[in-house]
Amino acid sequence: EFGCTDMDSVIGVTGDNFVIIAADASCARSILVYKQDEDKIVSMDNDTKLMGVAGDTCDRVRFSEYVDRNLALHLMRWDRPMGVKASASFCRTTLATALRQGPFQVNLLLGGLDTDGSASLYQMDYFGTMHKNAFGALGYGAHFVLSTLDQHYREGMSVEEAMEVVAKCVQVLRTRFLINLPRFIVKTCTPEGVTVSEL
Amino acid sequence: EFAMSRRYDSRTTTFSPDGRLLQVEYALKATDSAGSATGILASDGVVLAAQKQSSSKLLATPRQSEKIIRLDDHLLCVVAGLNSDANILIQSGRLMAQRHRYRFQEPMPVEMVCSWICDYKQWYTQHGGQRPFGVSMLYAGWDECHGFQLYKADPAGTYGGWRATAIGENRQGAENLLKNEYEETCNVEQALELAVKVMSKTLDTTTPTADKMEFTTVTRGEDGQVRIHQLTEAETEALLARVEIAGAAAGDA
């Protein structure tokens with residue numbers, strides 16, 4: 001029950017110069033839904049990075065706020081946002097250090113744009129395992145969504161094409177996943193900034 | 200003029216009546232009598248030069264430079280002052296640089312290393328019972344944020360970015376020479392030749408030799424990797440010969 005990261009469905013997709021992260025907006029425990037409008041994706045570093053987090057609200061919020069504020073501090077001190085790889089590595093070592101002290105029971109997808117405009121996505125679990133990938137998914141939903149992504153994802157897609165792929169993923173979950181997920185918040189990070197939409 | 204202010208020397212944490220931290224100033228004086236060194240920023244790299252000190256023929260030749268020291272693969276520091284104090288700062292700087300690499304999977308930016316070590320030095324100017332570090336330092340290196348950089352830091356922990364500067368003995372003379380002769384568009388080779396002139400001035404010699412001064416350059420190879428190169432004795436002699444010829448030719452003209 002506690003430390004459950006399965007119930008949040010998060011999907012991440014990259015293109016040459018954009019990242020899309022979608023997350024279900026349900027906040028629930030056992031048979032009770034607390035709310036259907038929870039935003040599990042945090043936009044960081046002046047809208048240059050997105051982090052979708054899966055896990056109980058307490059750890060999810062604690063971790064995402066910690067990372068967000070540390071990146072903001074770095075930006076304030078050095079007048080320059082941290083690269084995506086460095087930010088992801090920072091998250092990873094935070095998770096790894098906390099693991100045997102007071103773990104953050106969260107899995108996450110961190111994607112963003114570097115100053116040269118290139119996009120990257122990193123997937124992490126609460127042990128501090130990290131991989132860089134073109135796309136990824138978290139939670140029970142991953143069991144369904146990864147095959148959809150394997151089938152439809154192409155390198156060099158446009159934002160619209162990538163959005164269609166994400167929409168297909170959400171459709172699969174609504175068809176085949178037991179848990180009702182009526183609302184997905186979708187955030188797209190491009191060189192122009194972050195736009196928010198819904199599926 | 201220091202006679203009256205002796206009463207306020209004993210603790211670093213105490214300001215004198217005229218608003219000075221005397222221990223910090225004394226520390227700076229200590230570094231001003233150390234072996235000289237200079238740093239020069241070129242368009243394609245950084246040049247560092249330092250006095251080679253050998254107080255006795257019996258002293259074993261160190262394998263590595265005693266003044267120009269590598270903190271990480273992409274950055275160096277140059278020290279002037281108490282070597283024992285410098286060692287502590289170097290060790291902690293090296294540790295921070297590796298910790299940063301572990302945490303962020305990328306090299307620690309040059310300014311960040313400088314800033315961190317300066318914060319460490321500052322602690323000793325504000326907390327009771329301990330003296331400041333008697334070291335002035337230059338930091339030189341390359342990073343993705345700002346390219347080639349050169350910083351100077353004093354015992355108080357104040358630092359600034361420089362195009363060309365000097366520490367140690369006769370640094371005023373060196374700084375005057377640099378002010379007159381430094382050109383921002385210079386390349387590493389020209390900066391090396393200027394460094395020879397600076398070191399000749401601080402060592403007060405018209406016949407510089409390779410056993411009295413050493414040179415190190417920071418550049419980037421074609422693959423983008425930072426290259427730190429300490430000039431060999433042969434390369435140093437060749438450099439000194441080039442400067443001598445140029446000087447003689449200029450004299451004739």
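Respectively, the protein sequence lines represent chains A and B. Here the first sequence is numbered in the working numbering, starting from 1 and rising by one per residue. Here the second sequence is numbered in the working numbering, starting from 200 and rising by one per residue. We put the CB at the ideal spot given by N, CA and C, even for glycine.
TODO: Kindly list the residues whose CB is nearer than 8 angstroms to the CB of T57(A), restricted to its own chain and excluding five residues on each side of it in sequence; keep chain order.
DONE: Position 57 of the first sequence, counting from 1, holds the residue named residue 57(A). If we look at T57(A) and ignore the five residues flanking it on each side, its Cβ neighbours are C27, E38.
Open item on the list: Quick check on this structure: which residue in R441(B), R298(B), C276(B) has the alpha carbon closest to the alpha carbon of V417(B)?
Closed with: As a first step, residue 417(B) must be located in the second sequence, where it is residue number 218. Comparing Cα-Cα distances from V417(B) to each of R441(B), R298(B), C276(B), the minimum goes to C276(B).
Open item on the list: By the three-class DSSP mapping on this structure, what secondary structure does W341(B) have?
Closed with: One-based indexing of the second sequence puts residue 341(B) at position 142. Correct three-state label for W341(B): strand.
Open item on the list: Please state the DSSP three-state secondary structure of F18(A).
Closed with: Working through the first sequence from its first residue, we reach residue 18(A) at position 18. If DSSP states are grouped into helix, strand and coil, F18(A) belongs with coil.
Open item on the list: Is there a C-beta anywhere in chain A that falls below 8 angstroms from the one on Y323(B)?
Closed with: As a position in the second sequence, residue 323(B) is number 124, starting the count at 1. Not closer than 8 angstroms to any Cβ of chain A, the Cβ of Y323(B) fails to qualify, so no.
TODO: Tell me whether Y34(A) is buried or exposed, calling it buried when 16 or more other Cβ atoms sit within 10 Å of its Cβ.
DONE: Position 34 of the first sequence, counted from the start, is the residue given in the question as residue 34(A). Classification of Y34(A): exposed, given that the 10 Å Cβ count is below 16.
Open item on the list: On the DSSP bridge list, what partners appear for V395(B)?
Closed with: In the second sequence, residue 395(B) corresponds to position 196, counting from 1. Answer is none; V395(B) lacks a bridge partner.
- [ ] Indicate whether G244(B) and V397(B) have their beta-carbon atoms separated by less than 8 angstroms.
- [x] Mapped onto the second sequence, residue 244(B) falls at position 45. Mapped onto the second sequence, residue 397(B) falls at position 198. No, Cβ-Cβ distance for G244(B) and V397(B) is not below 8 angstroms.
Task: Anticipated Cβ contact below 8 angstroms, E368(B) with G238(B), distance rounded - done: Taking the first residue of the second sequence as position 1, residue 368(B) is located at position 169. Taking the first residue of the second sequence as position 1, residue 238(B) is located at position 39. Rounded, the Cβ-Cβ distance is 15 angstroms, inconsistent with contact.
Task: Span of the beta strand (DSSP E) around V106(A) - done: Position 106 of the first sequence holds residue 106(A). No beta strand (DSSP E) holds V106(A); DSSP gives it neither H nor E.
Open item on the list: On the DSSP letters alone, give me the boundaries of the beta strand (DSSP E) that D353(B) sits inside.
Closed with: Position 154 of the second sequence, counting from 1, holds the residue named residue 353(B). From DSSP, D353(B) is part of no beta strand (DSSP E); its letter is neither H nor E.
Open item on the list: Please report whether the beta-carbon of Q304(B) lies at a distance below 8 angstroms from any beta-carbon of chain A.
Closed with: Position 105 of the second sequence holds residue 304(B). So, interface residue.
Open item on the list: Is the separation between the beta-carbon of L121(A) and that of T188(A) shorter than 8 angstroms?
Closed with: By one-based count along the first sequence, residue 121(A) stands at place 121. By one-based count along the first sequence, residue 188(A) stands at place 188. No, the pair does not count as a contact, with Cβ atoms beyond the cut-off.
- [ ] Give a yes or no on whether the minimum CB-CB distance between Y301(B) and chain A is below 8 angstroms.
- [x] As a first step, residue 301(B) is located in the second sequence; it is residue number 102 there, counting from the start. Yes, Y301(B) counts as interfacial toward chain A.
Open item on the list: What are the residues in the stretch 335-347 of chain B lying within 7 angstroms of chain A by C-beta distance?
Closed with: C344
Open item on the list: Does the beta-carbon of Q222(B), which I'm using as the reference point, lie nearer than 7 angstroms to any heavy atom of the ligand SAH?
Closed with: This structure does not include the ligand SAH; it has no bound ligands of any sort.
Open item on the list: By alpha-carbon positions, which one of D271(B), P216(B), V442(B) ends up nearest to A390(B)?
Closed with: Position 191 of the second sequence holds residue 390(B). Checking every option, the nearest Cα to that of A390(B) belongs to V442(B).
Open item on the list: Between which residues of its own chain and A72(A) is the CB-CB distance below 8 angstroms, once the five residues before and five after are set aside?
Closed with: Residue numbering aside, residue 72(A) sits at position 72 when the first sequence is read from its first letter. M44, D45.
Task: Proximity to L113(A) [Cα-Cα], best of V194(A), Q101(A), I179(A), I185(A) - done: The count along the first sequence starts at 1 and reaches residue 113(A) at position 113. When each option's Cα is compared against that of L113(A), the closest is V194(A).
Task: Residues of the stretch 155-188 of chain A whose Cβ lies closer than 7 angstroms to any Cβ of chain B, in chain order - done: none
TODO: Taking K256(B) as the reference, give the member of D410(B), R426(B), A433(B) with the closest Cα.
DONE: Here residue 256(B) refers to the residue found at position 57 when the second sequence is read from its first residue. That would be D410(B), whose Cα lies nearest to the Cα of K256(B).
Open item on the list: When you compare the stretch 298-313 of chain B with the stretch 323-332 of chain B, are there three or more beta-carbon pairs, one atom per stretch, that lie closer than 8 angstroms?
Closed with: no
Task: Own chain partners of V84(A) with C-beta closer than 6 angstroms, once the 5 adjacent residues on each side are dropped - done: The residue labelled residue 84(A) in the question sits at position 84 within the first sequence. So the list reads G112, D114, S120, once near-sequence residues are dropped.
- [ ] Counting only runs of 3+ residues fully inside the stretch 216-257 of chain B, write out the beta strand (DSSP E) ranges in chain order.
- [x] 236-241, 244-250
Open item on the list: When you compare the CB of T90(A) with every CB in chain B, is at least one pair closer than 8 angstroms?
Closed with: Within the first sequence, the letter at position 90 stands for residue 90(A). In the sequence on display, residue 90(A) carries Phe and not Thr. By this cut-off, F90(A) is an interface position.
Open item on the list: On a Cα-Cα basis, can you pick out the residue from W361(B), G423(B), S253(B) that is closest to V246(B)?
Closed with: By one-based count along the second sequence, residue 246(B) stands at place 47. Answer by Cα proximity: W361(B).
Open item on the list: Give me the residue from V223(B), Q222(B), G280(B), Y338(B) with the minimum Cα distance to D271(B).
Closed with: Stepping through the second sequence from its first residue, residue 271(B) is reached at position 72. Closest by alpha carbon: Y338(B).
Task: For S197(A), three-class secondary structure by DSSP - done: Residue 197(A) sits at position 197 when you count from the first residue of the first sequence. Of the three classes helix, strand and coil, the one that applies to S197(A) here is strand, per DSSP.
Task: Residues of its chain near V159(A), where Cβ-Cβ distance is below 6 angstroms and the 5 sequence neighbours each way are ignored - done: Residue 159(A) sits at position 159 when you count from the first residue of the first sequence. Excluding positions up to five away in sequence, the list reads F18.
- [ ] Let me know if E200(B) comes out buried or exposed under the rule of 16 or more other beta-carbons within 10 Å of its beta-carbon.
- [x] As a working mapping, residue 200(B) is identified with position 1 in the second sequence. In this prediction, E200(B) scores a pLDDT of 47, lower than 50, which makes its location untrustworthy; the coordinate-derived value is nonetheless stated afterwards. With fewer than 16 other Cβ atoms within 10 Å, it is exposed.
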